[in-house]
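Trainee:
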Amino acid sequence: DAKTTQPPSMDCAEGRAANLPCNHSTISGNEYVYWYRQIHSQGPQYIIHGLKNNETNEMASLIITEDRKSSTLILPHATLRDTAVYYCIVRTRTGSARQLTFGSGTQLTVLP
Amino acid sequence: DVKVTQSSRYLVKRTGEKVFLECVQDMDHENMFWYRQDPGLGLRLIYFSYDVKMKEKGDIPEGYSVSREKKERFSLILESASTNQTSMYLCASSGQGAGKAFFGQGTRLTVV
């Protein structure tokens with residue numbers, strides 16, 4: 006599986022967009038990008054995933070570069086409740102369950 | 245909504261005790277996982293199961309065993325609890341492909 010690199014921490018002002026980057030330069034053609042977040046003292050929560058097209062749902066948008074070597078998770082109007090650790094994971098969609106491996110993620114702090 | 249339920253939110257056990265952590269999911273998912281999470285070490289995969297009675301070791305299986313007798317239930321067993329097994333334990337489940345997983349709220353286990 007491709008490895009991912011994320012900044013350890015980021016701050017964002019409440020109400021502004023939070024843009025969380027993820028580098029996955031060794032991603033394979035059949036690997037998807039998944040994003041999860043973990044609010045303090047809770048289990049991780051699935052946010053969004055994509056292959057190569059940009060994706061949007063009620064929680065966030067996912068922008069994947071054309072060469073697929075990096076992606077950005079966008080929270081369009083961050084709130085204090087979005088303060089969490091955000092994890093970017095790259096894996097095949099039909100691969101082994103063992104591929105669900107979490108790195109160290111990005112600690113996003115939304116400031117009032 | 246998908247629900248993954250862990251039997252206890254907090255647990256205190258004595259060294260040497262046999263400890264059972266139970267996890268139940270209600271979405272008929274094939275895959276189930278047990279992770280532990282420690283400060284500075286992130287989520288680490290202990291065991292996972294891709295079918296009833298099937299299991300595979302994750303990254304840190306030593307000191308643990310698992311049981312999956314029914315599709316909806318996945319149990320983590322600490323045969324003889326030790327203080328270094330004090331941790332947050334997280335259960336997750338996912339359908340085919342395993343990419344989109346749903347987590348329980350976690351069990352904070354303290355071994356004294």
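So the protein sequences, as listed, match chains A and B. Everything in the first sequence is counted per our numbering, starting at 6 for the first residue and increasing by one. Everything in the second sequence is counted per our numbering, starting at 245 for the first residue and increasing by one. Cβ atoms here follow ideal geometry from the backbone N, Cα and C, with glycine treated the same way.
1) Expressed to the nearest angstrom, what Euclidean distance is found between the alpha-carbon atoms of K74/A and P49/A?
2) Spatial neighbours of D282/B within its chain, please: C-beta separation below 7 Å, excluding the five flanking residues on both sides.
3) For H82/A, is the classification buried or exposed, using 16 other Cβ atoms within 10 angstroms of its Cβ as the cut-off for buried?
4) Across which residues does DSSP place E60/A in a beta bridge pair?
5) May I ask which residues mark the beginning and end of the beta strand (DSSP E) holding G350/B?
6) Identify whether D303/B lies in helix, strand or coil by the three-state DSSP scheme.
7) As a quick exercise: from Q269/B, W278/B, A325/B, pick the residue whose alpha carbon is nearest that of V356/B.
8) Output the distance between the C-alpha atoms of T10/A and V38/A, rounded to the nearest integer angstrom.
9) Identify whether D87/A lies in helix, strand or coil by the three-state DSSP scheme.
10) When burial is assigned at 16 or more other CB atoms within 10 Å of the CB, is G350/B buried or exposed?
11) Distance, Cα to Cα, M64/A vs T70/A?
12) Let me make sure I understand the geometry here. Which of I94/A, V115/A, Y41/A, R86/A has the alpha-carbon closest to that of H29/A?
13) Which residues bound the beta strand (DSSP E) around T260/B?
14) Exposed or buried, what is N275/B when buried is set at 16 or more other beta-carbons lying within 10 Å of its beta-carbon?
15) If you scan the stretch 270-314 of chain B from start to end, which runs of the beta strand (DSSP E) of 3 or more residues do you find wholly inside it?
16) Can you round the beta-carbon distance between V256/B and T354/B to whole angstroms, since I take them to be within the 8 Å contact cut?
17) D87/A: buried (16+ other C-beta within 10 angstroms of its C-beta) or exposed?
Mentor: Short version:
1) 24 Å
2) S331
3) exposed
4) L67/A
5) Note, G350/B: premise wrong, no beta strand (DSSP E); not H, not E.
6) coil
7) A325/B
8) 12 Å
9) Helix, per DSSP.
10) Flag for G350/B reads buried.
11) Straight-line spacing of the CA atoms in M64/A and T70/A works out to 20 Å.
12) I94/A
13) Residue identity differs from the one stated: residue 260/B is Gly in this sequence, not Thr. Per DSSP, G260/B is not a residue of any beta strand (DSSP E), being assigned neither H nor E.
14) buried
15) 275-282, 286-295, 298-301, 308-314
16) 5 Å
17) Buried is the call here.
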